[in-house]
Amino acid sequence: MPVRVRFAPSPTGPLHMGGVRTALFNYLFAKHTGGTFLLRIEDTDQNRFVPGAEDYIMESLRWCGIEPFESPAAGGPYGPYRQSERKELGIYASEIKKLLDGGMAYYAFDTAEDLEQMRKKLEQEKSSNQQYNALTRMEMKNSLSLSREETYSLLEKQTPYVIRLKTPEENTPIRFHDLIRGDVEVFSHQIDDKVLIKSDGMPTYHFAHIVDDYLMKISHIIRGEEWLPSAPAHVLIWKALGWEMPALVHLPLLLRPDGNGKLSKRDGDRLGFPVFPLEWKDPFSGEVSTGYREKGYYPEAFVNMLAFLGWNPGTEQEIFSMEELAAHFSFDHVHKAGAKFDPEKAVWFNAKYLHSREPEALLPAIHKGLAEQNISRPFSDEYLLKSIALLRDRVHFEHEMTQKGIYLFQSPVKYDEAIISKRWKTEYRVFFEVWSEQCKTISTADAQHWESAFKNQCQGLRIKPGEVLQLFRVLISGESSGVDLFPMAALLGGQEISARIEKALSHPLMKEV
1064 MPVRVRFAPS PTGPLHMGGV RTALFNYLFA KHTGGTFLLR IEDTDQNRFV PGAEDYIMES
1124 LRWCGIEPFE SPAAGGPYGP YRQSERKELG IYASEIKKLL DGGMAYYAFD TAEDLEQMRK
1184 KLEQEKSSNQ QYNALTRMEM KNSLSLSREE TYSLLEKQTP YVIRLKTPEE NTPIRFHDLI
1244 RGDVEVFSHQ IDDKVLIKSD GMPTYHFAHI VDDYLMKISH IIRGEEWLPS APAHVLIWKA
1304 LGWEMPALVH LPLLLRPDGN GKLSKRDGDR LGFPVFPLEW KDPFSGEVST GYREKGYYPE
1364 AFVNMLAFLG WNPGTEQEIF SMEELAAHFS FDHVHKAGAK FDPEKAVWFN AKYLHSREPE
1424 ALLPAIHKGL AEQNISRPFS DEYLLKSIAL LRDRVHFEHE MTQKGIYLFQ SPVKYDEAII
1484 SKRWKTEYRV FFEVWSEQCK TISTADAQHW ESAFKNQCQG LRIKPGEVLQ LFRVLISGES
1544 SGVDLFPMAA LLGGQEISAR IEKALSHPLM KEV
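Whatever position you read off the sequence shown (first residue = 1), add 1063 for our numbering.
See the structure below:
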């Protein structure tokens, strides 16, 4: 059977990082095996539907470089690819009838009050079984305790109902194999009678995804670990319909950085890093949550980071292109245990991709950054390329080049007071006045020449270079650290260096005591 896998999100809000990871692993497996990856929108939960969520999902995948071969947008031979549209075609109605006729599903007319009473009763009895299943359902008003005539009478009266899975009355073992977790066995009395068709006539995930996966010829169901407890019920449904079940793969949970609990959408604000791939504006509240793209991450870095959440290649290599990830990907190297998300690792990946960029490729980022900093002074491309060469390996994001390296593009307006108060001495004023005049005569852009000239100046005035080296940096950049000092001086040039020193010496911090 050809490999066909799917990512099937619900358009109920912004796409969480865990969802993108699921899409990525499906995509990589399809690429690795020469199979097909498709996107299916599971929009049967109309109460939780969020306008714009579907577009957000597709744009997020597009930004990551995850392009489905079949989707609502691209179409395909097994469409439609929205469950609401499939429901209108009667696809689910014909299959639920098979389960009803075969006695593997039943009408349940229980009201919310009925279900609440049952829950309280089970709690009072301290029952070990708190589910609606073979052990408890006979107490409820469903078709198993009603005659056929009573059931049809209720249906004719349009009494609200749901259709539930009928789990076995005998406590029988249900076995299945997971490509990551191996053989799994669960007994049927641990399984609840899942709702298959809701009171609004819409199928639930538990039923619709099975019908769709069969009709779309899905070979592997690759999804998050949170669906593992529902898998035994799904096995029953597949068997009841007489269909061969696809291979099951349950990916490990994404955990918070401290390992305490599952990473959630709320963690973006709580822990200070984004968990959405893109910016999300809530259509109801208007609140905006910033995603990885808006934070300045490269899509390649984001994907590389995601791939390592629960998977490793079995080698020391950490930087992979999408093609390399697909070539190396296998479920043999996916872990069972939850994967802790490390936000610093995400930053590290982005820095690695940034440092590998050619300076020419970063020119647009520099121009954009200068505009955002309201710096209108014209710079030649030669100057900007040399600035990039100095800054690139010292930042993690493109926008940091003009933010952290602002001193390469304008004279400082403030100076590191801690360094000045600690190191400044009155006698150093004479040194820097003389050094300022000498800088005007240096026309070379050779960093070694600048370093030699500085040391010769120190020797001539009997000052150790280490005494004034950091002060020199602060006077021309305002910062106590940054790019290499003498390459910076060579880039700025003698006239600019002299002007900056004179400006700094007039600052109150450097006044003679």
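Ideal Cβ placement from N, Cα and C applies to all residues, glycine included.
Can you name the start and end residues of the alpha helix (DSSP H) that residue i belongs to?
i              : result
glutamate 1176 : 1175–1187
valine 1083    : 1080–1096
proline 1441   : Per DSSP, proline 1441 belongs to no alpha helix (DSSP H) and is neither H nor E.
glutamate 1559 : 1557–1568
Name the residue from the options whose alpha carbon lies nearest to the alpha carbon of residue i.
i               : options                            : result
lysine 1449     : Val1366, Leu1425, Ser1282          : Leu1425
isoleucine 1243 : Gly1373, Leu1162, Ser1544          : Gly1373
methionine 1201 : Gln1501, Glu1212, Phe1172          : Phe1172
leucine 1314    : Arg1084, Asp1547, Pro1065          : Arg1084
leucine 1055    : Leu1318, Lys1344, Arg1211          : Because the chain spans 1064 through 1576 in this model, residue 1055 falls outside it and cannot be assessed.
proline 1143    : Trp1487, Cys1521, Asp1275, Gly1468 : Asp1275
asparagine 1367 : Thr1353, Ser1352, Phe1383          : Phe1383
glycine 1305    : Met1167, Gly1128, His1269          : Met1167
glycine 1076    : Lys1150, Ser1506, Asp1345          : Asp1345
glutamine 1253  : Asp1241, Pro1236, His1269          : Pro1236
alanine 1402    : Ser1544, Pro1320, Phe1394          : Pro1320
When you compare the CB positions of residue i and residue j, do they come within less than 8 Å of one another, or not?
i                  : j                  : result
histidine 1095     : alanine 1389       : yes
histidine 1455     : proline 1427       : Here residue 1455 turns out to be arginine, not histidine, going by the sequence shown. Result no, Cβ atoms of arginine 1455 and proline 1427 do not sit closer than 8 Å.
threonine 1107     : proline 1266       : yes
glutamate 1288     : leucine 1316       : yes
alanine 1296       : leucine 1185       : no
proline 1376       : histidine 1398     : no
leucine 1078       : serine 1123        : yes
glycine 1165       : alanine 1303       : yes
arginine 1103      : alanine 1071       : yes
phenylalanine 1549 : glutamate 1500     : no
glutamine 1146     : aspartate 1263     : no
proline 1131       : phenylalanine 1100 : yes
valine 1531        : cysteine 1521      : yes
tyrosine 1090      : isoleucine 1154    : no
methionine 1573    : tryptophan 1487    : yes
serine 1352        : glutamate 1342     : yes
serine 1543        : glutamine 1533     : yes
methionine 1064    : serine 1419        : no
In the DSSP assignment, what are the bridge partners of residue i?
i                  : result
lysine 1518        : DSSP output for lysine 1518 lists no bridge partner at all.
histidine 1240     : Asp1246
tryptophan 1126    : DSSP output for tryptophan 1126 lists no bridge partner at all.
phenylalanine 1392 : Partner(s): none; phenylalanine 1392 has no beta bridge.
phenylalanine 1365 : Answer is none; phenylalanine 1365 lacks a bridge partner.
glutamate 1133     : Leu1101
proline 1266       : Ile1260
lysine 1402        : Looking at the sequence shown, residue 1402 is not lysine but alanine. DSSP output for alanine 1402 lists Leu1317 as bridge partner(s).
lysine 1325        : Leu1318
Three-state secondary structure (DSSP) at residue i?
i               : result
arginine 1211   : helix
glycine 1138    : strand
tryptophan 1343 : strand
tryptophan 1374 : strand
leucine 1259    : strand
alanine 1168    : strand
glycine 1335    : coil
glycine 1432    : helix
glycine 1287    : strand
lysine 1302     : helix
alanine 1071    : coil
arginine 1420   : coil
lysine 1150     : helix
valine 1066     : coil
Starting from residue i, trace the beta strand (DSSP E) both ways and give me its first and last residue.
i                  : result
glycine 1245       : 1245–1250
histidine 1455     : The amino acid occupying residue 1455 in the given sequence is arginine; histidine does not appear at that position. Premise fails: arginine 1455 is in no beta strand (DSSP E) and is neither H nor E.
isoleucine 1226    : 1225–1228
phenylalanine 1535 : Phenylalanine 1535 -> not in any beta strand (DSSP E); alpha helix (DSSP H) instead, spanning 1528–1540.
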